[in-house]
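Below: one structure, written as structure tokens.
Number of protein chains: 2
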Amino acid sequence: MAEQRIIATYHLSSDASRIEDRALRLAIEQSVECPLDAVPEQRILDDIVGRVDEISEIASGYYKVRIALAAATAPPEAGQLLNMLFGNCSIQSDVELIDVELPADYLTAFGGPRIGLAGIRERTGAEGRALTASALKPQGLSPDALAAIAQRLALGGVDLIKDDHGIADQAYSPFAERAAAVGRAVRAAGEQRGRPVLYAPHVSGSLDDMRRQLDIVRRERIGGVMLIPMIVGLSNFQALVREADGLVVLAHPAMAGAARIAPPLLLGKLFRLLGADATVFPHHGGRFAYTPQTCRDLAAAACGAWGGLKPCLPVPGGGVTIDRVAELLQFYGRDVMLLIGGSLLAARDELRERAVEFTAEVAAHVVADGGVGHDR
Amino acid sequence: MAEQRIIATYHLSSDASRIEDRALRLAIEQSVECPLDAVPEQRILDDIVGRVDEISEIASGYYKVRIALAAATAPPEAGQLLNMLFGNCSIQSDVELIDVELPADYLTAFGGPRIGLAGIRERTGAEGRALTASALKPQGLSPDALAAIAQRLALGGVDLIKDDHGIADQAYSPFAERAAAVGRAVRAAGEQRGRPVLYAPHVSGSLDDMRRQLDIVRRERIGGVMLIPMIVGLSNFQALVREADGLVVLAHPAMAGAARIAPPLLLGKLFRLLGADATVFPHHGGRFAYTPQTCRDLAAAACGAWGGLKPCLPVPGGGVTIDRVAELLQFYGRDVMLLIGGSLLAARDELRERAVEFTAEVAAHVVADGGVGHDR
Chain C
63 MAEQRIIATY HLSSDASRIE DRALRLAIEQ SVECPLDAVP EQRILDDIVG RVDEISEIAS
123 GYYKVRIALA AATAPPEAGQ LLNMLFGNCS IQSDVELIDV ELPADYLTAF GGPRIGLAGI
183 RERTGAEGRA LTASALKPQG LSPDALAAIA QRLALGGVDL IKDDHGIADQ AYSPFAERAA
243 AVGRAVRAAG EQRGRPVLYA PHVSGSLDDM RRQLDIVRRE RIGGVMLIPM IVGLSNFQAL
303 VREADGLVVL AHPAMAGAAR IAPPLLLGKL FRLLGADATV FPHHGGRFAY TPQTCRDLAA
363 AACGAWGGLK PCLPVPGGGV TIDRVAELLQ FYGRDVMLLI GGSLLAARDE LRERAVEFTA
423 EVAAHVVADG GVGHDR
Chain P
63 MAEQRIIATY HLSSDASRIE DRALRLAIEQ SVECPLDAVP EQRILDDIVG RVDEISEIAS
123 GYYKVRIALA AATAPPEAGQ LLNMLFGNCS IQSDVELIDV ELPADYLTAF GGPRIGLAGI
183 RERTGAEGRA LTASALKPQG LSPDALAAIA QRLALGGVDL IKDDHGIADQ AYSPFAERAA
243 AVGRAVRAAG EQRGRPVLYA PHVSGSLDDM RRQLDIVRRE RIGGVMLIPM IVGLSNFQAL
303 VREADGLVVL AHPAMAGAAR IAPPLLLGKL FRLLGADATV FPHHGGRFAY TPQTCRDLAA
363 AACGAWGGLK PCLPVPGGGV TIDRVAELLQ FYGRDVMLLI GGSLLAARDE LRERAVEFTA
423 EVAAHVVADG GVGHDR
């Protein structure tokens, strides 16, 4: 155990003359966090202090640095892993966290998705095609009004319906009433259309709050939950995944930041590692600034081969419209769930028809068994 | 309640020709998150959609924007408040969150520090002068080795001793054994020197993990705890503060980022609001990139007048050395706790003597009753 290392890859901005020193200081910051002459035991210098394994120049003044962190400092506990990877250096503006390679037993310990891509296909009967999702909006609506929207989306053929991430446990739509009303509506719509609909209400607050909400989810026979890992805290996300056995877990990217932790690592790899069955992220060209390459890498990290972990379903959204369906399916292949929220809802009274249009458009595209998830 | 508004101040990078549209899109993103023509009720347009209250140019292409968010969307629950303030727009690289003004009842609901600056003075007998703190490092040491360091720091006169933030619940220093050993050492040293020493072990993991650790803290009659709010999640930080009644709560800045949420707001104002009695942050000129103005504003936000909230003690550290004590006391005034970790520990066998030097240097500076906390 003492010799096991976690390989963290960072990008560093630095003068060429200072990069070796800068990389060493980063390795120290993310391990013993003190001058090396304050380390009183040789064993700690050998087995605990972070080690700079490789420095390579990416562009002038911009470097890729691989640092080997002692696994003993960050056992498979999600919060502490994040702490050692990026805790203090998140406050250093010249550092970005790009990738992490973990010892094999970490994959076993964290476990990854319980249901994953194949399980979501099975639960929704969506085989051989891309999947579809939509969001309940706008916040401010009552549980019944949200349930009416959910019903129309479900009858329009959507596979999964999630709460808008801003909808939590507010007075105008308390979690218990909302989950009950929407849960009933999607169950009824599923029976009517002859194929189940997944609903993922937004579970939020402290671990206690989330547990109370999880009880309601089970009582109302709802099939999924959505969490915001970077707000509830990774350790609590990890804890809740374990308790949400049998439920589809969606991870939402709020508070994940734009770039300081590379989105493919955070939203793809780490959320998958901790058990997200599906990961929501903004596709490029919408309201957010991800590049096509970021989206491609994120989807590959979520559903590409990785030890024995099940694939996590990529869910691009964030301002996507129906006229981009063909483009997105071309981009991601069929192992993807397209999320269209606001632009469906703008149809108002024709919401069901617009949803039919969306799901038919997705179904019409028979995509070859390729795409980003299969590139690696 | 429907009319109550939270005023969030953002900085936005934008062309002059697009700033009005950009500000409106931000107000929508942080509220209903959908096109306004998808909002089916006038009441939601009036009472729920974010409102752009003010746009002013700070520099060419850089604007200050005040947005009034409906308080109903973010009741006094810490995670949801953060979600509505910065959840989605954290993924938009042109946005920084600068300040928040909350309705008065939020201050009552969250409650702020339970013990605060005056309570920490009282518990340590440190009256009429600045306070001193140090950190137990490096990680990798055994509980007994850390306890020996704590003892020497305490006998050297340090008021508060905290775990290094990387020290959690690792195999080489399990929380229970460490808290017991260090707790005993600081109690004994406190009796020997005739003045109590505060110890704040790092409490981490899920809310369940933290509760188990809190039980140990109470059993070992330890006076404080340190948490990383941005890793444990603000809602769980809020929950733990309530359960840590009678204990001094230190907030640590790991994962707080460099600037996307202004440090004075996050580490000063928000951590104080949620109940941090003391807030650790990097002083400028050490290993981190904060400017003097950021540090000044942060300390003022932590301990300046704010409704009925108790002052939260500013704890600058992050590479501070003894030869900077005079400069820091000049800068912060006496309502501050100076944190020196690594550079004391480098003294190794003369650790106690170096700690004496540090605490004597602080005591020697009789600082006028001024400083940043009193500027506003």
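These protein sequences, in sequence, are chains C and P.
Here the numbering used here = 1-based position in the first sequence + 62.
Here the numbering used here = 1-based position in the second sequence + 62.
Idealized CB from N, CA, C, for every residue including glycine.
Given residue i as reference, the closest of the options once Cα atoms are compared
i                         : options                                : result
proline 137 of chain C    : P:Gly202, P:Pro137, P:Ala195           : P:Gly202
valine 377 of chain P     : P:Arg273, P:Val127, P:Ala197           : P:Ala197
glutamate 184 of chain C  : C:Gly141, C:Gly403, C:Leu375, C:Phe343 : C:Leu375
glycine 348 of chain P    : P:Thr341, P:Ile384, P:Lys331, P:Pro165 : P:Ile384
alanine 367 of chain C    : C:Leu179, C:Ala320, C:Arg283           : C:Leu179
leucine 407 of chain C    : P:Ile69, P:Pro102, P:Ser266, P:Asn150  : P:Pro102
alanine 247 of chain C    : C:Pro354, C:Arg273, C:Ala230, C:Leu208 : C:Leu208
methionine 272 of chain C : C:Ser235, C:Gly256, C:Asp231, C:Ala242 : C:Asp231
aspartate 77 of chain P   : P:Arg105, P:Phe350, P:Ile117           : P:Ile117
alanine 362 of chain C    : C:Ala351, C:Leu401, C:Thr341, C:Arg191 : C:Thr341
serine 93 of chain P      : C:Asp226, C:Gly173, C:Pro205           : C:Asp226
valine 303 of chain P     : P:Arg334, P:Gly319, P:Gly395           : P:Arg334
isoleucine 110 of chain C : C:Arg280, C:Ile81, C:Val311, C:Leu131  : C:Leu131
arginine 410 of chain C   : C:Val259, C:Gly380, C:Ile211           : C:Ile211
isoleucine 69 of chain C  : C:Leu98, C:Lys126, C:Arg84             : C:Lys126
Burial state of residue i, where buried means 16 or more other Cβ atoms lie within 10 Å
i                         : result
arginine 322 of chain P   : buried
serine 79 of chain C      : exposed
isoleucine 120 of chain P : exposed
glutamine 275 of chain C  : buried
alanine 233 of chain C    : exposed
serine 268 of chain P     : buried
glycine 123 of chain C    : exposed
alanine 134 of chain C    : buried
glutamine 355 of chain P  : exposed
glycine 187 of chain C    : exposed
threonine 421 of chain P  : buried
glutamate 139 of chain C  : buried
glutamate 158 of chain C  : buried
alanine 338 of chain P    : buried
alanine 166 of chain P    : exposed
glycine 219 of chain P    : buried
threonine 194 of chain C  : buried
Amino acids of chain P, ordered along the chain, whose beta-carbon sits closer than 8 Å to that of residue i
i                       : result
cysteine 365 of chain C : What cysteine 365 of chain C touches in chain P: nothing, since even the nearest Cβ is about 21 Å away.
glycine 319 of chain C  : Ser152, Ile153, Gly319, Arg322
valine 303 of chain C   : The contacting residues do not exist; valine 303 of chain C stays about 11 Å from chain P at best.
Own chain residues within Cβ distance below 8 Å of residue i, not counting five before or after
i                         : result
valine 253 of chain C     : Checking the sequence, you will find glutamate at residue 253 of chain C rather than valine. Nothing meets the Cβ criterion.
leucine 391 of chain C    : Ala192, Val398, Leu400, Val424, His427, Val429
cysteine 96 of chain C    : Ile90
alanine 243 of chain P    : Pro205, Asp206, Leu208, Ala209
methionine 63 of chain P  : Reliability of the predicted coordinates at methionine 63 of chain P is poor, the pLDDT of 44 falling under 50, and the value obtained from them is presented with this limitation in mind. The answer, listed in chain order, is Ala133, Ala134.
isoleucine 293 of chain C : Ser266, Ala316, Met317
8 Å Cβ cut-off: residues of chain C touching residue i
i                       : result
proline 344 of chain P  : Ile153
cysteine 357 of chain P : Under the 8 Å cutoff, chain C gives no residues; its nearest Cβ is about 12 Å from cysteine 357 of chain P.
Contact list for residue i against chain P, beta-carbon separation under 7 Å
i                        : result
leucine 407 of chain C   : Cys96, Ala100
serine 266 of chain C    : Gly141, Gln142
threonine 135 of chain C : Gln201, Gly228, Gln232
arginine 386 of chain C  : Within chain P, no residue comes near arginine 386 of chain C; the closest Cβ sits about 15 Å away, beyond 7 Å.
proline 315 of chain C   : Ile153
Beta-ladder partner(s) of residue i, from DSSP
i                         : result
histidine 264 of chain C  : C:Met288
valine 342 of chain C     : C:Val377
tyrosine 168 of chain P   : BP columns for tyrosine 168 of chain P are empty, so no partner.
isoleucine 323 of chain P : P:Leu159
threonine 194 of chain C  : C:Leu400
leucine 203 of chain C    : C:Gln201
Same chain, Cβ closer than 6 Å to residue i, neighbours up to 5 away in sequence not counted
i                        : result
aspartate 161 of chain P : Thr71, Leu327
glutamate 412 of chain P : none
histidine 436 of chain P : Bear in mind that a pLDDT of 43 at histidine 436 of chain P, under 50, signals an unreliable position, so the number given afterwards is only what the model happens to contain. Same-chain partners within the cutoff: there are none.
alanine 171 of chain C   : Pro138
Contacts of residue i in chain C (Cβ-Cβ under 7 Å)
i                            : result
alanine 262 of chain P       : Correct list: empty, because the minimum Cβ distance to chain C is about 16 Å.
phenylalanine 350 of chain P : Ile153, Gln154
leucine 20 of chain P        : Beyond the ends of chain P as shown, which are 63 and 438, falls residue 20 of chain P; an answer cannot be given.
Chain P contact residues for residue i, given Cβ-Cβ distances below 9 Å
i                        : result
threonine 410 of chain C : Threonine is not the amino acid found at residue 410 of chain C; the sequence shown has arginine there. Going along chain P in sequence order, the residues near arginine 410 of chain C (Cβ under 9 Å) are Asp99, Ala100, Pro102.
Close Cβ partners of residue i (< 7 Å) along its chain, the five nearest in sequence each way excluded
i                        : result
cysteine 365 of chain P  : Leu179, Pro373, Cys374, Leu375, Pro376, Asp397, Gly435
histidine 264 of chain C : Asp225, His227, Ile229, Ala230, Met288
glycine 141 of chain C   : Gly295, Leu296, Ser297
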